[in-house]
Every structure is written in C-alpha cells, then in structure tokens.
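Worksheet for the structure shown next.
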Amino acid sequence: LRMIDICEGLEQMNRDLVEADGLERGIAFPTGCSLNNVAAHWTPNGGDETVLHEDDVCKIDFGTHVNGRIIDCAFTVAFNPRYEPLMNAVREATNTGIREAGIDVRLCDVGEAIQEVMESHEVELDGEMYQVKCVRNLNGHSIEPYRIHAGKSVPIVRGGDGTKMEEGEFYAIETFGTTGR
2 LRMIDICEGL EQMNRDLVEA DGLERGIAFP TGCSLNNVAA HWTPNGGDET VLHEDDVCKI
62 DFGTHVNGRI IDCAFTVAFN PRYEPLMNAV REATNTGIRE AGIDVRLCDV GEAIQEVMES
122 HEVELDGEMY QVKCVRNLNG HSIEPYRIHA GKSVPIVRGG DGTKMEEGEF YAIETFGTTG
182 R
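For this note's numbering, count along the sequence shown from 1 and bump the result up by 1.
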C-alpha cells in the first residue's frame, strides 16, 4: 500500500465523518505518516511512491476540527510483533503523561514522568537489547481554536521551565520513543 493512498484515504474518511465544510469543519492539518527512523511530521507529496512494508513501523498523525476545535490524534502501526514492546513503552508513557496532566501541573513535571516511564523499557531487536529513549526534540503542545500549536510545549524529558497548565486549556500529550540515539 502506498503511503499517499493511506493518507488520502484517512483524510477522505475524516471529511466524510465530520461532513467537511470549508473552515467550519474538516481536516485540521495534513496527515503525517512517518516511517521507521522518521519520528514525525513526514507527509508524502503527490506522485510519491513510498510503500508501507510488513517490517515497517508507521506513525500516523491526523487532525480533525469542528468550528476550530481541533483533535490531534496519532497512532502507530507495525505488523511485525517484534515492535510490540516499543509500541507498549510509548503507549504507557503517553498514558502516564495524560494521567499526570491537569490544572496547576508544571509542564516540566509531565515531561519528567513521561521520560521515567519511557526509559524504564527495553526492546530486543535482532538479539540485542536497546533501552527505549525519548526523542528529545519533539513535544506535546497546547491547542486553541484554529491553532494546533498554541504556545505551550509539553516536554517528554525532564527539565524545562515551571510553566503550569491552566484551567480551560487543551493539550496534545504526544510521546515519541526510539531505540536509536
């Protein structure tokens, strides 16, 4: 299956489900479908012939909006069960970030909790053990009407400033795990 076909199919389903209507409702941002060592934000252009293979890890990131209220959604697909431990580490880290988030919580504390969980996991690939690590330069973020990245970043590693989440804010808690550097 070509990656562009996956993206176009998902975007058409998105349009159909929300009954797309210009700026009132529809796609919030181009669908990302990053493969393997590309952690995020890759989208095929028209004519791209990149194909999803059985041994690939594919990260799908898509957005829907209704009246500017954005849902930023992502999931990972892997057909080879050897990647399940990596996907479980990332899922557990994401759930931890969601659980830790709330009014008056410091964003740096959410990042520290995510990193602690993510890096407590190891993955065996081709007979070698790898610690799962956070991709340090990718973050979650605040979301406002018609603004997917609204100004506050939710780190996935310890450190950073003590900026707090506030009542009425919405966030995408996004985690990215790797067995690489």
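For every residue, glycine included, the Cβ atom is placed at its ideal position computed from N, Cα and C. Quick caveat: nothing in here was measured; it's all calculated off a predicted structure.
In the DSSP annotation of this structure, E101 is not part of any beta strand (DSSP E); the continuous alpha helix (DSSP H) holding it starts and ends at E85 to E101. With 16 or more other Cβ atoms from the protein chains shown falling within 10 Å of its own Cβ, A29 counts as buried. In summary, I115 is buried, with 16 or more beta-carbon neighbours lying within 10 Å of its beta-carbon over all protein chains present. Here the region 81-92 lies against the region 164-178, with 3 or more beta-carbon pairs under 8 Å apart. Secondary structure of P146 (DSSP, three-state): coil. In this structure R83 touches L126 by the C-beta definition: roughly 6 Å separates them, less than 8 Å. Between the C-alpha atoms of I72 and F63 there is a straight-line separation of about 8 Å. Of the residues assessed, S121 falls on the exposed side of the cut-off, its CB having fewer than 16 other CB atoms within 10 angstroms. A29: not part of any alpha helix (DSSP H); member of the beta strand (DSSP E) spanning R26 to L36, first to last residue. Between the C-alpha atoms of E93 and T44 there is a straight-line separation of about 26 Å.
Under DSSP, Q132 shares a beta bridge with E123. Residues F80 and N81 of the same chain have their beta carbon placed closer than 7 Å to that of E55, with the five preceding and five following residues left out of the count. Using a 10 angstroms sphere on the CB of R26, the tally of other CB atoms reaches 16 or more, which defines it as buried. Using a Cβ distance threshold of 7 Å, I99 and G141 do not count as a contacting pair.
Listed as beta-bridge partners of K165 by DSSP are R107. In the DSSP assignment, V19 falls within the unbroken alpha helix (DSSP H) covering M4 to V19. Within its own chain, the residues whose Cβ lies closer than 6 Å to the Cβ of S154, once the five positions on either side in sequence are excluded, are N140 and H142, listed in chain order. Nearest to N68 by C-alpha distance, out of Y131, G10, R148 and D49, is R148.
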